[in-house]
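A.B. asks:
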Ligand SMILES: Cc1ncc(COP(=O)(O)O)c(C=O)c1O
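In this note's numbering, the protein residues as written are 2 to 514.
(1) Which of helix, strand or coil does DSSP assign to residue 82?
(2) Compute the distance between the beta-carbons of residue 161 and residue 219, then report whether it is under 8 Å.
(3) CB of residue 198 to nearest heavy atom of ligand 1: below 7 Å?
(4) Could you say which of 174, 255, 226 and 240 lies nearest to residue 209 if we only look at CA atoms?
(5) CA-CA distance, residue 439 and residue 353?
(6) Can you find a heavy atom of ligand 1 that lies under 7 Å from the Cβ of residue 361?
(7) Ignore the nearest five residues each way along the sequence and tell me which others in residue 205's own chain have a CB closer than 7 Å to its CB.
(8) Quick one: Cα of residue 408 to Cα of residue 326, how far?
(9) Once DSSP output is grouped into helix, strand and coil, what is the label at residue 420?
(10) Verify whether the separation of the beta carbon atoms of residue 140 and residue 360 is less than 8 Å.
(11) Between residue 376 and the rest of its own chain, which residues show a CB-CB distance below 8 Å, the 5 nearest in sequence each way excluded?
(12) Any heavy atom of ligand 1 closer than 7 Å to the beta-carbon of residue 289?
(13) Please name the residue in 146, 117 and 165 whose C-alpha comes closest to that of residue 132.
(14) Helix, strand or coil for residue 189 per DSSP?
(15) Please identify the residue among 287, 238 and 273 whose C-alpha is closest to the C-alpha of residue 264.
(16) Excluding the 5 residues flanking residue 411 on each side, which residues of the same chain have their C-beta closer than 6 Å to its C-beta?
(17) Could you have a look at residue 198 and say whether DSSP puts it in helix, strand or coil?
(18) Check whether the segment 475-487 and the segment 416-433 touch, using three or more Cβ-Cβ pairs below 8 Å as the test.
(19) Less than 6 Å between C-beta atoms, sequence neighbours within five positions excluded: which residues of the same chain meet that for residue 58?
(20) What residues does ligand 1 have around it, judged by CB closer than 5 Å to any heavy atom, in chain order?
(21) Using a threshold of 8 Å, state whether the C-beta atoms of residue 393 and residue 262 are closer than that.
(22) Can you check whether the CB of residue 500 is closer than 8 Å to the CB of residue 462?
(23) If distances are taken between C-alpha atoms only, which option among 467, 437, 337 and 69 comes closest to residue 81?
(24) Going by DSSP, what residues sit across from residue 226 in a beta bridge?
(25) Is residue 492 buried or exposed, if buried means 16 or more other CB atoms sit within 10 Å of its CB?
(26) Would you list the one or two residues that DSSP bridges to residue 65?
(27) Could you please give me the residues that DSSP links to residue 431 through a beta bridge?
(28) In the DSSP output, which residue or residues are listed as bridge partners for residue 247?
(29) Give the range of the beta strand (DSSP E) segment to which residue 131 is assigned.
(30) Spatial neighbours of residue 121 within its chain, please: C-beta separation below 7 Å, excluding the five flanking residues on both sides.
(31) Which class does residue 473 belong to by DSSP, given the choice of helix, strand or coil?
(32) Classify residue 143: buried if its beta carbon has 16 or more other beta carbons within 10 angstroms, exposed otherwise.
(33) DSSP on residue 485, reduced to helix/strand/coil?
As structure tokens, then:
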């Protein structure tokens, strides 16, 4: 058994094992509390907390009109709305007298219970005890906020953090703001779903030979930050066998895995060139069980025998980003330390956002509920059904875009390849230099390409701008990232693909002349 692989099940052993992972700032972090809410009981007159009575709130009620189908403007969906009414006293478990009031930092109980139940059903941590009491969930203000709190808690100047060589750069900024050092982890950039994502052989070599390797001047890594499913920017997902190997490395070299997963629910079945618009989400055979078991990539939590995974999920991509609502899953000890930071910074995430999300899911469940299922099951099933509809739309958009890109003259002339994504909202287009030597000044060339694209009326992200270290990823960064999320319809995606093709063709025609 390796040093890191004993399974800590109770709080005391979690504390012993994970205390060394805390940043030096955690020591100075404590809420100087002047008032204890737990002392309240019904016959005590509350004159302690500085909470405005709910009758001071200018809002008496909120009525929600809720779409049961995304893009709900087709006459054939005539009955696809439902409603929810919230006022000072209802719904009883989360009236607005409660959601507009100061509240528990970790989140309001009804939504928190829903979210924990969801994690239990889809990605229950292996180390969990029978009563699910050694891990927990807290709500947060978007995954950006989650990662800020997580990195503030586990990183300082002595920490080295491993990040996929291309990443969502704000994550890197968050790490670096703590004084920690970021090192890039090699990725297999391929559309082969069994090989894509983190290069585990390279990672093994790096960690096994740390003291003689390129980063020997840094401390051994304490953290891996990964967007393992539907990665941003690449759209790739680390296959299960690689997750197992990465987890074994985490045990052997004793590092935490921070798994940021905003895109995992948007799983893409493989593109079928014979029938490009085929969409398995439309099949009546696709049950919730099949979606959860056969489509979704399981979280690192489902490998986590020793409580070293911190998982971040968000409502941004499956509900709405303006809510600023997300959640963090982790062992009880680390989560408490993260919560201590929230206590002195943001406190609870927006109560209005929590109420909207909770009431929406509840209303979806009520409108569809059959007498044969419990309300808890109905909430879960309704929410997953909504998510499946979102995933279906994204899958359709991905198919439309791939088809349109493959039909461009530029693609057919061999100017680029498309890395078909396995989940999420991004597609990457990799330039094929063909008979030309790959230029030395790749970033400048990509900037020139960007000008051609803009001239053609389309804006994408340049891959090199999402590199953890441009020098390290020099050979791989000649790609463009596009998102299928924001376009208003298929026609816009088709037109954008045509413009991309034209822009790349003009770029190569210029390079060639
Ligand atoms: C990998 C990743 N993490 C986090 C976020 C931000 O999520 P949130 O809107 O919940 O802050 C994004 C994108 O916006 C992302 O791509």
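The beta-carbon is built from N, C-alpha and C at its ideal position, and this holds for glycine as well.
C.D. replies: Per the coordinate set shown:
(1) strand
(2) yes
(3) no
(4) 255
(5) 52 Å
(6) no
(7) Hits under 7 Å: 250.
(8) 39 Å
(9) strand
(10) no
(11) 366 and 370
(12) no
(13) With respect to the C-alpha of residue 132, the residue from 146, 117 and 165 having the closest C-alpha is 117.
(14) Residue 189: strand per DSSP, three-state reduction.
(15) 238
(16) Taking C-beta separations shorter than 6 Å and ignoring five residues to either side along the sequence, the partners of residue 411 in its chain run 502, 505 and 506, following chain order.
(17) strand
(18) yes
(19) Excluding residues within five positions, the ones whose Cβ falls inside 6 Å are 101.
(20) Residue list for ligand 1: 143, 144, 145, 169, 228, 233, 261, 263, 315, 317, 322 and 327 (CB closer than 5 Å to any heavy atom, chain order).
(21) The Cβ-Cβ distance between residue 393 and residue 262 does not fall below 8 Å.
(22) no
(23) Taking only the C-alpha atoms, the option nearest residue 81 is 69.
(24) 164 and 259
(25) exposed
(26) 85
(27) 418 and 480
(28) None, per the DSSP bridge assignment.
(29) Element bounds for residue 131: n/a, residue is neither H nor E.
(30) Within the same chain, and ignoring the five residues on either side of residue 121 in sequence, the residues whose Cβ sits closer than 7 Å to its Cβ are 133.
(31) coil
(32) Answer is buried; the Cβ neighbour count reaches 16.
(33) Of the three classes helix, strand and coil, the one that applies to residue 485 here is coil, per DSSP.
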